[in-house]
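Engineer: Residues in the sequence shown are numbered consecutively from 1, following UniProt numbering.
Think of the CB as a built atom: it goes at the ideal place given N, C-alpha and C, for glycine as much as any other residue.
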Amino acid sequence: MTATVLNTPVKLGHHLLNNRVVLPPLTRQRSAQPGDIATDLMAEYYRQRATAGFMVSEGTQIEPRGQGYAWTPGIYSPAQIDGWRKVTHAVHAEGGVIFAQLWHVGRVSHNALQPEGAAPVAPSAIQAQQAKAFIATGPGTGDLVQPPVPRALNLLEIDELVGQYAQAARNALDAGFDGVEIHSANGYLVNQFISAHSNQRDDQYGGSLDNRLRFLREVVEAVSQVVGPERLGVRFSPLFSGTDQDRVYIGLVEEDPHHTYIEAIKVLEQSGIAYVSIAEADWDNAPDLPDSFRQAVRSTFSGRIIYAGRYTAERGARLVEAGLADLIAFGRPFIANPDLPQRLFNGWPLNPLRAEGMYGGSELGYVDYPAYAE
Ligand SMILES: Cc1cc2nc3c(=O)[nH]c(=O)nc-3n(C[C@H](O)[C@H](O)[C@H](O)COP(=O)(O)O)c2cc1C
Numbered sequence: 001m002t003a004t005v006l007n008t009p010v011k012l013g014h015h016l017l018n019n020r021v022v023l024p025p026l027t028r029q030r031s032a033q034p035g036d037i038a039t040d041l042m043a044e045y046y047r048q049r050a051t052a053g054f055m056v057s058e059g060t061q062i063e064p065r066g067q068g069y070a071w072t073p074g075i076y077s078p079a080q081i082d083g084w085r086k087v088t089h090a091v092h093a094e095g096g097v098i099f100a101q102l103w104h105v106g107r108v109s110h111n112a113l114q115p116e117g118a119a120p121v122a123p124s125a126i127q128a129q130q131a132k133a134f135i136a137t138g139p140g141t142g143d144l145v146q147p148p149v150p151r152a153l154n155l156l157e158i159d160e161l162v163g164q165y166a167q168a169a170r171n172a173l174d175a176g177f178d179g180v181e182i183h184s185a186n187g188y189l190v191n192q193f194i195s196a197h198s199n200q201r202d203d204q205y206g207g208s209l210d211n212r213l214r215f216l217r218e219v220v221e222a223v224s225q226v227v228g229p230e231r232l233g234v235r236f237s238p239l240f241s242g243t244d245q246d247r248v249y250i251g252l253v254e255e256d257p258h259h260t261y262i263e264a265i266k267v268l269e270q271s272g273i274a275y276v277s278i279a280e281a282d283w284d285n286a287p288d289l290p291d292s293f294r295q296a297v298r299s300t301f302s303g304r305i306i307y308a309g310r311y312t313a314e315r316g317a318r319l320v321e322a323g324l325a326d327l328i329a330f331g332r333p334f335i336a337n338p339d340l341p342q343r344l345f346n347g348w349p350l351n352p353l354r355a356e357g358m359y360g361g362s363e364l365g366y367v368d369y370p371a372y373a374e
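#1: Which residues mark the beginning and the end of the beta strand (DSSP E) in which T60 is found?
#2: If you compare alpha carbons, which of H14, G53, A43, M42 is closest to V5?
#3: Hey, residue 404 and A43: beta-carbon distance below 7 Å or not?
#4: Locate the beta strand (DSSP E) running through Q101, then write down its first and last residues.
#5: In whole angstroms, give me the CA-to-CA distance for E94 and G117.
#6: Assuming the contact rule is C-beta atoms closer than 8 Å, V149 and A133 should be a hit. Round their C-beta distance to whole Å, please.
#7: For L239, which residues of its own chain have a beta-carbon under 7 Å away from its beta-carbon, when the five flanking residues on both sides are left out?
#8: Determine the contact status of G360 and W71, defining contact as a CB-CB distance below 7 Å.
#9: Counting by C-beta, which residues lie closer than 6 Å to a heavy atom of ligand 1, in chain order?
#10: For S31, which residues from the same chain have a beta carbon less than 7 Å from its beta carbon, with the 5 sequence-adjacent residues on both sides left out?
#11: Quick one: using the 10 Å Cβ neighbour count with 16 as the cut-off for buried, is A373 buried or exposed?
#12: Do you know whose CA, among E160, V121, A175, lies nearest R151's CA?
#13: Can the beta-carbon of T88 be found less than 7 Å from the beta-carbon of G59?
#14: Against chain C, does D159 count as a neighbour if the rule is that its beta carbon must be under 7 Å from one of theirs?
#15: Here's the rule I'm using: 16 or more other beta-carbon atoms within 10 Å means buried, otherwise exposed. How should S299 be labelled?
#16: Find out if the Cβ-Cβ distance for the pair S184, S224 is shorter than 7 Å.
#17: When we look at the beta-carbon of H104 and count the other beta-carbons within 10 Å, is it buried (16 or more) or exposed?
#18: By Cβ distance below 8 Å, which residues in the same chain neighbour V267 in space, the five residues on each side in sequence not counted?
#19: Please classify E255: does DSSP put it in a helix, a strand, or coil?
#20: How is the beta strand (DSSP E) around R170 delimited, first residue to last?
#21: Any idea what DSSP makes of R298, helix, strand or coil?
#22: How many angstroms separate the CA atom of H14 from the CA atom of E363?
#23: So R235 is in the beta strand (DSSP E); what residue range does that whole segment cover?
#24: Strictly by DSSP, which residues pair up with D143?
#25: Give me the residue from Q127, P25, A112 with the minimum Cα distance to A136.
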């Protein structure tokens with residue numbers, strides 16, 4: 001069977017993972033209100049998927065300003081830490097390994113989600129054009145909205161934010177997570193610092209690529225001091241298309257994505273972190289990453305490499321066999337198939353994904369997808 005290699009153990013930091021199938025971060029907007037607190041239902045959702053070799057939580061905001069979508073969970077209050085503890089206990093009871101994805105949306109937010117209705121914060125006061133925020137208009141209902149012009153962070157605030165990442169990492173360990181992943185992808189705050197489109201600062205955080213990577217470097221170092229490099233991963237979304245896709249990261253397409261992201265990965269290599277996760281373009285007909293880029297990632301980074309984006313078991317296995325990837329993440333297939341690893345390893349058919357309950361809602365489209373029955 002072509003997927004066999006995905007069913008082999010692999011070391012990641014301290015852990016020997018059972019297999020190479022990853023549950024990537026998937027925002028599902030089901031936290032308890034008020035307070036953005038992880039729930040028993042969320043614990044059940046993650047428990048169902050704990051046969052993944054490795055799991056990453058949905059993006060979880062590190063502070064109130066880090067939220068860009070209604071009902072996403074946070075990891076800054078004591079109640080939020082208690083909520084996540086239910087999730088990590090459920091996953092560990094099934095033998096799973098789970099990291100928390102630390103998220104700050106930066107400019108991709110809206111006054112309605114911000115403390116005191118303030119403008120969202122960002123490296124520069126440059127509005128996100130394509131990306132949308134999502135605000136609640138009632139219990140369980142809401143609207144996608146255009147983010148306003150953000151307010152540029154000052155140096156003191158940048159320093160405080162680095163500290164908030166470190167504190168969120170501490171909270172994640174307190175909540176029982178096995179480690180953390182810094183969300184540096186998809187046009188959110190760290191990505192906004194890296195991109196010359198959204199970062200037009202004239203201080204040490206803007207201008208040259210080295211300066212634009214400074215925030216990433218500082219966050220990685222601060223978080224690594226808390227959790228240790230072996231409990232740390234970073235997610236990027238290098239885009240090579242340059243075409244006008246209606247995607248959250250649009251506007252952040254780099255002039256030279258290869259150079260930008262290989263330099264970013266060098267930052268990770270210097271810190272010796274456990275893994276880099278690459279979120280590829282995932283819309284229909286998206287261009288594949290160039291092989292030269294994948295090879296450069298491998299030769300630059302000595303930790304584990306995870307890819308996600310429209311993978312089948314066969315395509316993922318080929319990449320692992322070619323030595324270019326260590327783990328493969330499956331997003332939408334894992335939403336629809338709680339027992340995805342077993343289905344992939346046995347060649348069993350997959351449940352189709354339903355649109356219902358993808359973002360927000362109840363059990364429907366969340367914990368009601370059946371496991372395979374012959
Ligand atoms: C419903 C949904 C929510 C997502 N939420 C996040 C998120 O919180 N953080 C993140 O880094 N990526 C997020 N992604 C991207 C996925 O992790 C993954 O990269 C993407 O779905 C491509 O994989 P796939 O083609 O196997 O679905 C999300 C994707 C979907 C479909």
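Structural biologist: So, from the data block:
#1: 54-61
#2: G53
#3: What the structure shows of the chain is the stretch from 1 to 374, and residue 404 is not part of that stretch, so it cannot be assessed.
#4: 98-103
#5: 42 Å
#6: The pair is not a contact, with the Cβ atoms about 13 Å apart (cut-off 8 Å).
#7: Y249, V253, P257, A281
#8: yes
#9: P24, P25, L26, T27, E58, G59, Q101, H183, A185, N186, R235, A279, D282, A308, G309, R310, Y311, F330, G331, R332, P333, M358
#10: I37, A38, T39, W71, T72, P73
#11: exposed
#12: V121
#13: no
#14: In the structure shown, chain C does not exist; there is a single protein chain.
#15: exposed
#16: no
#17: buried
#18: L213, L216, R217, V220
#19: coil
#20: Note, R170: premise wrong, no beta strand (DSSP E); alpha helix (DSSP H) at 155-174.
#21: helix
#22: 34 Å
#23: 232-236
#24: I135
#25: A112
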